[in-house]
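Student:
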Amino acid sequence: MSNVLVFAEHINKAFSKNALVAVGAGREIAGKSGGECYVAVLGSGIEGLANEIAEHGAKTVFAVEHAALENYTADAHAQAIANLAEEKGCDIVVSAASSIGKDVMPRVAIRLGAAMASDITGYNDDGTIERPTYAGNAVATVSLETAKKVITVRATAFEPAAKDGTAAVEKTDAKIDEGALKMKFVAFNETKSDRPPLTEASVVVSGGRGLKSGENFTEVLEPLVDAMGAAMGASRAAVDAGFVPNDLQIGQTGKVVAPELYIAVGISGAIQHLAGMKDSKVIVAINKDEEAPIFQVSDYGLVADLFKAVPEMKEAVEKLK
Amino acid sequence: MKILVAAKRVPDPNATIKVRPDGTGIVTDNLKYVVNPFCEIAIEEALRIKEKQGGAEVILVSLGDQVSQEQLRTGLAMGADRAILVLAEGDTEPVIVARALAKLVEQEQPELVLMGKQSIDDDSNVVGQMLAEMLGWGQATFASEVKLADDKSSAVVTREVDGGLEDIEVQMPAIITADLRLNEPRYASLPGIMKARKKELKEVPLADLGIDTSAQVKTIKIAPPPEREAGKRVETVEELVNLLHTEAKVI
Ligand SMILES: Cc1cc2nc3c(=O)[nH]c(=O)nc-3n(C[C@H](O)[C@H](O)[C@H](O)COP(=O)(O)OP(=O)(O)OC[C@H]3O[C@@H](n4cnc5c(N)ncnc54)[C@H](O)[C@@H]3O)c2cc1C
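As structure tokens, then:
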């Protein structure tokens, strides 16, 4: 029997889907290991947030307060999470494999002397774990051989926790050795967008090098994105060329998405790109090269010049409404 | 200033990876190997810091079998000063790599450790963070810009994070892990390659480092991912939108 502690991250005091998926995965893992699921929310002045996530059915939500947790930094958060896990007797610590989860959880693992598995896509009944490797070309089944375990979960592979129960909320002060802190938050330059977040949208329209310029993203692709109420993504080639900001990158080294509908426009379908979108429910490719590998994973493939097809598609989509 | 850079030998990202039918790993016959692309970016960053400061010692470290020499020679040809190869058979799990690096940091006393944010074979993205915690150092992962303070007591690092870019200040010594857009690595020049042959490349068996090398993570099997079938080709945009509406029911 192992109890689970979920680290529920927030950005500027708002939860994203990552936090709910982490709680969902934590509840699943606690169920399979016969323990309880606890949740930790870290920050300063976060009781409201703790109450919010308490509606998602854990045993207890700890509102962990400390001035050093006001802004996210890896060293302070790692101390607070590891100390709480020990104090509350939680042997398994879980978070999303988000940029925060990836940053902090390996430190938590070292503090706890725990074995770690990152970016997992499955937790089996016998406690073994599935995780993709080689850009998704292989799936490894691993077992963590220590009593304590640290896990980050791929957000597309687990269900967000339903709003189906009320956890007790317990306020607690974090134990942090401030003298040991070496990191300071300076600034966050948020990419502003009125569109749904990439990792939460049910439709994602992505553009690649085939778009040829940032201007074409704006003038050709974005009207379709907005007509569909979609989020916009991109290949690494499009990001590297400066057409769009880096946080739109989908793939092995960018974001992993699995929407209901993924439309790849002017993207060839390199394995590193597929690693970030091939679990989408329905995949559409628009590419002028009929040999493009993206067609091998597409449910619907259209061989066409995107500069003609995309505006046409926008019109057709608008007509449907 | 001393900079330690970690570099891993990995399969070429453009190679086709196939899983062995017996589930023990991937097919390695005729596979081409390269320096992990993120490690290459870390090497480049170290060299740029060295050039900007008009001096620094850049020490490469790799953990792997004898053939990892090739990747270290590549890094030396790019301009690193010397290299250490920690000899270990087969795949070594991240925490053991971090322990080995921590030992070398203790011996070499660098002021900065640069590494890639992830290796593209195991895709774990954990070693830098584990090393930082072991050393009690600060870290700046997923770096896309590094600005060292003039007195080198700290660095302001721009990080690629969900939703945008974050700047943090980290005290030195520190671990910085490179993201893709930190820089564009140079190619080794011919004179660079010639010079690299004469540079020091020291080999140390993993067992000689005196660290705990017992496995924490056991790999039970490696399997191919579920196949995704190619669907149908459509001729027109109209047909596509109709099918998405009536057949797939996603719009
Ligand atoms: C370590 C590493 C990590 C990587 N990580 C990622 C990652 O996370 N995500 C990622 O995406 N990539 C990643 N890559 C890069 C990847 O290998 C590819 O280079 C990249 O995905 C290619 O992007 P693209 O498909 O936009 O460009 P290209 O491969 O150049 O494809 C452009 C496509 O556009 C089509 N096209 C051009 N003009 C038109 C037109 N008028 N109409 C219709 N179609 C047109 C072409 O036929 C072509 O298929 C990584 C690479 C490495 C080495």
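Just so you know, the sequences run in chain order U and F.
For reference, each letter of the first sequence is one residue, going 1 to 321 in the working numbering.
For reference, each letter of the second sequence is one residue, going 322 to 572 in the working numbering.
From the three backbone atoms N, C-alpha and C, an ideal C-beta is built for every residue, glycine too.
What separation, rounded to the nearest whole angstrom, lies between the Cα atoms of Arg-330 (chain F) and Phe-463 (chain F)?
Tutor: Each residue's alpha carbon lies about 20 Å from the other.
Student: Decide yes or no for the touch test of the segment 15-24 of chain U against the segment 89-103 of chain U: beta carbon pairs closer than 8 Å, at least 3 of them.
Tutor: With a cut-off of 8 Å, the segment 89-103 of chain U and the segment 15-24 of chain U count as touching, because enough Cβ pairs lie within range.
Student: Could you spell out where the beta strand (DSSP E) holding Asn-563 (chain F) opens and where it closes?
Tutor: It is not in any beta strand (DSSP E) - Asn-563 (chain F) instead sits in the alpha helix (DSSP H) that spans 558-567.
Student: Using beta carbons (cut-off 8 Å, strictly below), is Gln-460 (chain F) in contact with chain U?
Tutor: Chain U contact via Cβ: present.
Student: Report yes if the C-beta distance between Arg-583 (chain F) and Ala-517 (chain F) is below 8 Å; otherwise report no.
Tutor: The requested residue 583 (chain F) does not occur in the structure, where chain F is confined to residues 322 to 572.
Student: Measure from the alpha carbon of Glu-454 (chain F) to the alpha carbon of each residue in U:Glu-170, U:Val-153, U:Ala-76, U:Ala-117, then state which is nearest.
Tutor: Checked all of U:Glu-170, U:Val-153, U:Ala-76, U:Ala-117; the closest Cα to Glu-454 (chain F) is U:Ala-76.
Student: Exposed or buried, what is Tyr-38 (chain U) when buried is set at 16 or more other beta-carbons lying within 10 Å of its beta-carbon?
Tutor: Tyr-38 (chain U) should be labelled buried.
Student: Give me the Cα-Cα distance between His-273 (chain U) and Lys-171 (chain U), rounded to the nearest whole angstrom.
Tutor: Straight-line Cα distance between these residues: approximately 43 Å.
Student: Compare the Cα-Cα distances from Pro-197 (chain U) to each of U:Lys-319, U:Val-108, U:Gly-229 and report the closest residue.
Tutor: When each option's Cα is compared against that of Pro-197 (chain U), the closest is U:Gly-229.
Student: Could you tell me whether any Cβ in chain F is nearer than 8 Å to the Cβ of Glu-170 (chain U)?
Tutor: False, the Cβ-Cβ gap to chain F never drops below 8 Å.
Student: Below 6 Å CB to CB, which residues in the same chain sit around Ser-98 (chain U) once its five sequence neighbours on both sides are set aside?
Tutor: Correct list, in chain order: Asn-18.
Student: Whose CA, out of F:Pro-545, F:Met-515, F:Tyr-508, lies closest to the CA of Pro-355 (chain F)?
Tutor: It is worth fixing the name first, because residue 355 (chain F) is Val in this sequence and not Pro. The shortest C-alpha separation from Val-355 (chain F) is found at F:Tyr-508.
Student: Short check: CB of Thr-199 (chain U) to CB of Lys-149 (chain U), under 8 Å?
Tutor: No; because the gap between Cβ atoms is not below 8 Å, this pair is not in contact.
Student: Does chain F have any CB closer than 8 Å to the CB of Ile-11 (chain U)?
Tutor: Chain F contact via Cβ: present.
Student: Got a sec: does ligand 1 put a non-hydrogen atom nearer than 7 Å to the Cβ of Thr-395 (chain F)?
Tutor: Thr-395 (chain F) Cβ: outside cutoff for every heavy atom of ligand 1.
Student: Can we count Leu-503 (chain F) as close to ligand 1, meaning its CB is less than 7 Å from some heavy atom?
Tutor: False, no ligand heavy atom lies under 7 Å from that Cβ.
Student: Buried or exposed for Gly-242 (chain U), going by 16 or more other Cβ atoms inside 10 Å?
Tutor: That one is exposed.
Student: Looking at Thr-253 (chain U) and ligand 1, is the gap between the Cβ and the nearest heavy atom below 7 Å?
Tutor: Result yes, Cβ under 7 Å from ligand 1.
Student: In whole angstroms, what is the alpha-carbon distance linking Glu-9 (chain U) and Ser-193 (chain U)?
Tutor: Each residue's alpha carbon lies about 21 Å from the other.
Student: According to DSSP, is Ser-389 (chain F) part of a helix, a strand, or is it coil?
Tutor: Note: Ser-389 (chain F) maps to helix in three-state DSSP.
Student: Are there three or more Cβ pairs, one per stretch, closer than 8 Å when the segment 460-476 of chain F is compared with the segment 326-344 of chain F?
Tutor: No, because fewer than three Cβ pairs between the segment 460-476 of chain F and the segment 326-344 of chain F fall closer than 8 Å, the two stretches do not touch.
Student: Note the first and the last residue of the continuous alpha helix (DSSP H) segment covering Gln-272 (chain U).
Tutor: Taken as a continuous stretch (DSSP letters only), the alpha helix (DSSP H) holding Gln-272 (chain U) covers 271-274.
Student: Assign Gly-122 (chain U) to one of three DSSP states: helix, strand, or coil.
Tutor: Of the three classes helix, strand and coil, the one that applies to Gly-122 (chain U) here is strand, per DSSP.
Student: Hey, would you say the C-beta of Gly-266 (chain U) is under 7 Å away from at least one heavy atom of ligand 1?
Tutor: True, at least one ligand heavy atom lies under 7 Å from that Cβ.
Student: So for Lys-255 (chain U), helix, strand or coil by DSSP?
Tutor: The answer is strand: DSSP assigns Lys-255 (chain U) an E or B state.
Student: To the nearest angstrom, how far is the alpha carbon of Lys-473 (chain F) from that of Glu-466 (chain F)?
Tutor: Taking the straight line joining both Cα atoms gives about 16 Å.
Student: May I ask you to report which of helix, strand or coil DSSP gives Tyr-262 (chain U)?
Tutor: Tyr-262 (chain U) falls in the strand class under three-state DSSP.
Student: Less than 8 Å between CB atoms is the rule here; does Gly-179 (chain U) satisfy it with respect to chain F?
Tutor: So, not an interface residue.
Student: Measuring only the C-alpha atoms, how far is Leu-575 (chain F) from Gln-450 (chain F)?
Tutor: The question about residue 575 (chain F) has no answer here: the residues shown for chain F are numbered 322 through 572.
Student: Kindly indicate which residue of F:Arg-341, F:Ala-327, F:Ala-328, F:Val-326 has the alpha-carbon position closest to the one of Asn-137 (chain U).
Tutor: It is F:Arg-341 whose Cα lies nearest to the Cα of Asn-137 (chain U).
Student: To which residues does DSSP link Arg-403 (chain F) through a beta bridge?
Tutor: DSSP lists F:Ile-380 as partners of Arg-403 (chain F).
Student: Determine the contact status of Glu-366 (chain F) and Asn-504 (chain F), defining contact as a CB-CB distance below 8 Å.
Tutor: Taking 8 Å as the Cβ cut-off, Glu-366 (chain F) and Asn-504 (chain F) qualify as a contacting pair.
Student: Could you tell me which whole beta strand (DSSP E) segments of length 3 or greater appear in the segment 85-165 of chain U?
Tutor: Listed in chain order, the complete beta strand (DSSP E) runs (minimum 3 residues) inside the segment 85-165 of chain U are 92-96, 115-120, 129-133, 138-144, 149-153.
Student: Let me confirm a value: Ile-364 (chain F) is counted as buried when at least 16 other C-beta atoms fall within 10 Å, else exposed. Which label applies?
Tutor: It counts as buried.
Student: My guess is that Arg-359 (chain F) and Lys-438 (chain F) are in contact by the Cβ rule of under 8 Å, so how many angstroms apart are they, rounded?
Tutor: What sits at residue 359 (chain F) in the sequence shown is Phe, not Arg. Yes, they are in contact, since the Cβ atoms of Phe-359 (chain F) and Lys-438 (chain F) sit about 5 Å apart, within 8 Å.
Student: Where do the N-terminal and C-terminal ends of the beta strand (DSSP E) with Arg-507 (chain F) fall, by residue?
Tutor: Taken as a continuous stretch (DSSP letters only), Arg-507 (chain F) belongs to no beta strand (DSSP E), as it is neither H nor E.
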